[in-house]
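Note sheet for the following structure.
In this note's numbering, the protein residues as written are 1071 to 1349.
Now the structure itself:
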């Protein structure tokens, strides 16, 4: 398991591109027939992937890294499939998970196994796990069952739909602190989350996907008056600490999975940044 440590904004403003990428970007997440995990000391996320092609993959890590007897002993997890059809088994109960479908598994589940329905188009399971103090039931949600919110306009190149899966609102999957969903940009739109914001009570992780092979997203980060950018490619993820903006513009439209954790689960709790204050 890789480790990523928390960074002070006064230090980050002096980082060069290589250091920024080293600290915040997860470049090599999806590996066939392997469980890939990254432990972030920002709100104790574990971000990971499983791409089971020729074999099933169990959610097992070096237990010394998390100090428990099994992965979900004191954690919850949200899983979104960004590949072909597959199955996630939680303590013997199987859940078929298609593309852009979500499965939440609560604290206390001992065995989680990832499996693909076919080798030609294997499932690509992306997950985010956070500490949990209460047990909520395992729940699956399709994209049609998620809460949609259509925002933006083609005039500002940010027409998009936000699909909330794990959230406190009506119809949302309940969790201890994890909030998770997908944002899809309409064709011809490139910007997400601009005007920008921060939320000092929560951090966030972005996974960008559905980018063409030669496409990139210029992800904006940093304090509003000390912005930086990172070039992000398909199926790469960014850790966004609470003091940082998190926005991006792509060379084409794209989709991204967002996950938040921290002091509260209120999606609308954010501190807007006026365009005139960005530097």
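Think of the CB as a built atom: it goes at the ideal place given N, C-alpha and C, for glycine as much as any other residue.
Residue 1216 counts as buried, since at least 16 other C-beta atoms from the protein chains shown sit within 10 angstroms of its C-beta. With a beta-carbon spacing of about 7 Å, residue 1262 and residue 1228 fall inside the 8 Å limit used to define contacts. Within the segment 1220-1288, the runs of beta strand (DSSP E) at least 3 residues long that lie entirely inside it are, in chain order, 1230-1236, 1249-1255, 1272-1279. Taking 7 Å as the cut-off, the Cβ atoms of residue 1127 and residue 1151 do not count as close.
Between residue 1148 and residue 1174, the CB-CB gap stays under 7 Å. Inter-segment contact for the segment 1120-1135 and the segment 1282-1293 is absent: fewer than three beta-carbon pairs are separated by less than 8 Å. Within the same chain, Cβ atoms closer than 8 Å to the Cβ of residue 1343 are found at 1265, 1266, 1267, 1268, 1294, 1315, the five residues on either side in sequence being excluded. Closest by C-alpha distance to residue 1191, out of 1154, 1245, 1088, 1138, is 1154. Look at residue 1089 here: in three-state DSSP terms it is helix.
Excluding residues up to 5 positions away in sequence, 1093 lie with their Cβ nearer than 6 Å to the Cβ of residue 1077 in the same chain. Per DSSP, residue 1348 lies in no alpha helix (DSSP H) segment and is marked neither H nor E.
Going by C-alpha positions, residue 1194 is about 34 Å away from residue 1083. When DSSP reads this structure, residue 1165 sits in a beta bridge with 1158. Counting C-beta atoms within 10 angstroms of its own C-beta, residue 1113 has 16 or more neighbours from the protein chains shown and is therefore classed as buried. Between the alpha carbons of residue 1111 and residue 1238 lies a distance of about 24 Å.
If only uninterrupted alpha helix (DSSP H) runs of at least 4 residues are considered, none is enclosed by the segment 1095-1134. Cβ contact annotation for residue 1223 (same chain, cutoff 7 Å, sequence separation greater than five): 1229, in chain order.
Taking C-alpha positions only, residue 1305 is separated from residue 1347 by approximately 31 Å. For residue 1151, the enclosing beta strand (DSSP E) stretches over residues 1145-1151. In the same chain as residue 1303, and ignoring 5 residues on each side of it, the C-beta atoms closer than 7 Å to its own belong to 1281, 1286, in chain order.
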